[in-house]
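Engineer: Residue numbers (UniProt numbering): 1 to 725.
Have a look at the structure that comes next, please.
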């Protein structure tokens, strides 16, 4: 707020050009007074009139695009204010450059007729580089003058000035745009008096304190892909977007669908009518330096993409600022509080404070319960700040802490999902931190939620030379992949894990990852490729003398033999593996090989032997201790019974397998069970049940992206049409 010394001589009380006097009382001005030696005739005092209503909103952007839901929310506020004759406050928040001001200006220009007493505007400069936010007292001074208040009637005291503003606006119908607000307190002083006013506040912050004033909150995010492409086309105004539609889509992705970045890129192209969109895309395709290239020649500089992120970063407290830049590590698409705590090397309470600060500053968004993500350009900016502001040794320590959290948690989950399986990685036998799981459901839920982050982290470990963590993460995910499939993730993680194992020159680690890749190709119906991987693994296990590894590779080779129609070869391999497990006294391995021997006997046509093998395996694989293996053993038993013409007995085994499979989330096995139940129903002539079971299986296989979906889809197509009802 201006002090008396801020006025020039003509405005100072007693100045040469002074033409007014005021009588001031505690709390504010009472009114204008006249000082005269003598008065002849009447005295008339004019304190001004309302005059023309102010229309102060900045020019609406010519290329404004979309934001239909957001405009509808603002329209709802206008209708609500009109209905109850009370002010409505709408806080429009979002990251810098997302188009909050453009949205507000566009809407208020369109809705101008709803505000006959005018539209007021103030840039509160909450994030102006190198300058403090605007004093609300100064804004009130301008607002009162805009409402044709005599200068002498404007109180000096800030509280009195706010009260005068409320009085002057009471009963009127105004819109007020408070742009770039820094705090709820700054806004609170600028709220009008009673009447059907609409106050739109734009800010990078959440300003939750305004909830006490009955504010509604409107979060603005990046544009949808189609709207972003439309914005680029409007700014360009030529046929390049039509000719280079794919390049425009790529440009939209590189700009993170952020309107400021899109306009910067499109404006650059507009000034170069002969440059292709594809060339600019090539220039922006490298992550390093992308923000700087988008900001080049942007005016004013303080509104550039670079400046927008720099000012948001500068306004954070030290802990939030550090977390922001540490998120520039390749953490994956999102982050949780435990992961944030690992990055900071702090407890979760402190991490939560930092996360809340980033959410409040629109630098993180909670896209799912307890899961937070950065905008794509914010991540690039964080990476730049990480390189500039975080010492290398502290960067490495943060990377190590997060890696330990991911690996320990994945190991803990694997031990819950498959406690009896043997392990190679040293982390399985060491004291661990990370997430702790009390049951299989919680372990699966964590792995499902974190899988994209784990894939990203495996790649990051490989790139950073942390090869031991890389292949051990692959081992920790093995049971999960067998149960839940995720074929693409399985393949990409293990390809990277194999690279790390070979970089270490560790033949046992290489054999383990090769075995995982072989299992993937068996599941995908590629037995020849699977056999190549498993043979290579067996050679390595034999080289290092690892007996359990040899037994596992022999088992896997036997499975490929079964798929290729070679049950005698499979039985021989299974018997060799069984002998190894017996020699080691490995009871779980013995039970597993009995199950496999049952599968081989079934395919050899010896159903009596198959039944005996499966029964012995089921004695070990109880529902409590080994539910997943019990499901697979029951499925093998049911297949043998179906092949032997014992459909009712097969149905009994399948019913138990289905119940347990659904409980443990073994989706692929559940789909296979429905296929087998369809086979049983077909044998019994129940055509309706056949279609039902096949349709359920198709739905699951399609969801998993499994190759079996095509086979089942064709089976359904070949079914006779259902009878007319």
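Cβ atoms here follow ideal geometry from the backbone N, Cα and C, with glycine treated the same way.
(1) If we ignore side chains and look at the alpha-carbon of each, how far apart do residue 399 and residue 343 end up?
(2) From residue 142 to residue 210, what distance separates their C-alpha atoms?
(3) How many angstroms separate the CA atom of residue 264 from the CA atom of residue 311?
(4) Is there contact here, the region 400 to 420 with the region 476 to 483, by at least three beta-carbon pairs under 8 Å?
(5) Would you grab the beta carbon distance between residue 220 and residue 70 for me? Rounded to a whole angstrom, and I think it's under 8 Å.
(6) Tell me which residue opens and which closes the beta strand (DSSP E) that residue 216 is part of.
(7) Going by alpha carbons, who is nearest to residue 405 out of 374, 534, 331?
(8) Would you check if the region 192 to 200 and the region 221 to 236 touch, i.e. whether three or more CB-CB distances between them fall below 8 Å?
(9) Which ranges would you report for the alpha helix (DSSP H) in the region 462 to 523 if only whole runs of at least 4 residues count?
(10) Give me, in chain order, the residues of the same chain whose beta-carbon lies closer than 6 Å to that of residue 631; leave out the 5 immediate sequence neighbours on both sides.
(11) DSSP state of residue 552, grouped into three classes?
(12) Leaving out five residues before and five after residue 383 in sequence, what residues of the same chain have Cβ atoms less than 6 Å from its Cβ?
(13) Taking the alpha carbon of residue 90 as the reference point, which residue from 212, 166, 602 has its own alpha carbon closest?
(14) Please report the residue range of the alpha helix (DSSP H) in which residue 106 lies.
(15) When DSSP labels each residue in this structure, what does residue 706 get in the three-state scheme?
(16) Run through DSSP, which three-state label would residue 305 get?
(17) For residue 316, collect the residues of the same chain with a Cβ closer than 7 Å to its Cβ; drop the 5 residues on either side in sequence, then sort them by chain order.
(18) For residue 611, is the classification buried or exposed, using 16 other Cβ atoms within 10 angstroms of its Cβ as the cut-off for buried?
(19) Output the residue ranges of the alpha helix (DSSP H) runs that lie fully inside the region 346 to 371 and measure 4 residues or longer, sorted by chain position.
(20) Three-state secondary structure (DSSP) at residue 122?
(21) Residue 99 to residue 465, Cα distance in whole Å?
(22) Could you please give the first and the last residue of the uninterrupted alpha helix (DSSP H) stretch that includes residue 295?
(23) Need the endpoints of the beta strand (DSSP E) that residue 198 sits in, please.
(24) Can you look up residue 175 in the DSSP assignment and give me helix, strand or coil?
(25) I need the DSSP call for residue 686, collapsed to helix, strand or coil.
(26) If you follow the alpha helix (DSSP H) that residue 528 is part of, which residue opens it and which one closes it?
(27) Flag this pair as touching only if the region 552 to 562 and the region 510 to 530 have three or more C-beta atom pairs under 8 Å; answer yes or no.
(28) Spatial neighbours of residue 254 within its chain, please: C-beta separation below 6 Å, excluding the five flanking residues on both sides.
(29) Would the beta-carbon of residue 597 fall within 8 Å of that of residue 581?
(30) Roughly how many whole angstroms lie between the Cα atoms of residue 651 and residue 678?
(31) What span of residues does the beta strand (DSSP E) with residue 88 cover, start to end?
(32) Along the chain, where does the alpha helix (DSSP H) that runs through residue 67 open and close?
(33) Can you tell me where the alpha helix (DSSP H) holding residue 233 begins and where it ends?
(34) Against chain B, does residue 125 count as a neighbour if the rule is that its beta carbon must be under 8 Å from one of theirs?
(35) Can you give me the C-alpha to C-alpha distance between residue 355 and residue 307, rounded to a whole angstrom?
(36) Among 381, 497, 428, which residue has its Cα nearest to the Cα of residue 454?
Structural biologist: A quick look at the data gives this:
(1) The residue you call residue 399 lines up with position 399 of the chain shown. The residue you call residue 343 lines up with position 343 of the chain shown. So the alpha carbons of these two residues sit roughly 7 Å apart.
(2) Counting from one through the chain shown, the residue named residue 142 turns up at place 142. Counting from one through the chain shown, the residue named residue 210 turns up at place 210. Going by the C-alpha atoms only, they are around 23 Å apart.
(3) As a first step, residue 264 is located in the chain shown; it is residue number 264 there, counting from the start. As a first step, residue 311 is located in the chain shown; it is residue number 311 there, counting from the start. Each residue's alpha carbon lies about 18 Å from the other.
(4) yes
(5) By one-based count along the chain shown, residue 220 stands at place 220. By one-based count along the chain shown, residue 70 stands at place 70. At roughly 6 Å, the Cβ-Cβ gap stays under 8 Å, so residue 220 and residue 70 are in contact.
(6) On the chain shown, residue 216 is found 216 positions in, with the first residue counted as 1. Element bounds for residue 216: 216 to 219.
(7) Taking the chain shown and counting its residues from 1, one reaches residue 405 at position 405. If we check each option's Cα against that of residue 405, 331 comes out closest.
(8) no
(9) 467 to 484, 487 to 504, 507 to 523
(10) On the chain shown, position 631 is the one that residue 631 refers to. For residue 631, where only same-chain residues beyond five positions count, the Cβ hits under 6 Å are 657, 660, 661, 666, 669.
(11) On the chain shown, position 552 is the one that residue 552 refers to. If DSSP states are grouped into helix, strand and coil, residue 552 belongs with the helices.
(12) The residue given as residue 383 occupies position 383 in the chain shown. Only 328 meet the Cβ criterion.
(13) Counting from one through the chain shown, the residue named residue 90 turns up at place 90. Of the listed residues, the one whose Cα sits closest to residue 90 is 212.
(14) Here residue 106 corresponds to residue number 106 of the chain shown, with the count starting at 1. Counting along the chain, the alpha helix (DSSP H) containing residue 106 begins and ends at 100 to 110.
(15) Start at 1 with the first residue of the chain shown, and residue 706 comes out as number 706. Coil at residue 706, not helix or strand.
(16) For the purposes of this step, residue 305 is identified with residue 305 of the chain shown, where counting begins at 1. Note: residue 305 maps to helix in three-state DSSP.
(17) Here the question's residue 316 lines up with position 316 in the chain shown. Result list for residue 316: 324, 357, 361, in chain order.
(18) Here residue 611 is taken as the residue at index 611 of the chain shown, counted from 1. Its Cβ being crowded by 16 or more others within 10 Å, residue 611 is buried.
(19) 348 to 360
(20) Here residue 122 corresponds to residue number 122 of the chain shown, with the count starting at 1. Strand at residue 122.
(21) Here residue 99 refers to the residue found at position 99 of the chain shown. Here residue 465 refers to the residue found at position 465 of the chain shown. Looking at the two C-alpha atoms, the distance is approximately 41 Å.
(22) Here residue 295 refers to the residue found at position 295 when the chain shown is read from its first residue. Residue 295 -> alpha helix (DSSP H) spans 290 to 295.
(23) If you number the chain shown from 1, residue 198 lands on position 198. Element bounds for residue 198: 198 to 203.
(24) In the chain shown, counting from the first residue as 1, residue 175 sits at position 175. Strand, per DSSP.
(25) Position 686 of the chain shown, counting from 1, holds the residue named residue 686. Coil, per DSSP.
(26) Position 528 of the chain shown, counted from the start, is the residue given in the question as residue 528. Note, residue 528: alpha helix (DSSP H), 527 to 544.
(27) yes
(28) One-based indexing of the chain shown puts residue 254 at position 254. Result list for residue 254: 284, in chain order.
(29) The count along the chain shown starts at 1 and reaches residue 597 at position 597. The count along the chain shown starts at 1 and reaches residue 581 at position 581. The answer is no: Cβ separation not under 8 Å.
(30) Here residue 651 corresponds to residue number 651 of the chain shown, with the count starting at 1. Here residue 678 corresponds to residue number 678 of the chain shown, with the count starting at 1. Using only the alpha carbons, I get a separation of about 10 Å.
(31) Locating residue 88 in the chain shown gives position 88, where the first residue counts as 1. Unbroken beta strand (DSSP E) run through residue 88: 88 to 93.
(32) Translated into the one-based positions of the chain shown, residue 67 becomes position 67. Note, residue 67: premise wrong, no alpha helix (DSSP H); not H, not E.
(33) The residue labelled residue 233 in the question sits at position 233 within the chain shown. Looking at the DSSP string, the run of the alpha helix (DSSP H) that includes residue 233 is 225 to 236.
(34) Structure shown: chain B not included; a single protein chain is present.
(35) Against the chain shown, residue 355 aligns to sequence position 355. Against the chain shown, residue 307 aligns to sequence position 307. Taking the straight line from one Cα to the other gives about 22 Å.
(36) Counting from one through the chain shown, the residue named residue 454 turns up at place 454. Of 381, 497, 428, the residue nearest in Cα terms is 497.
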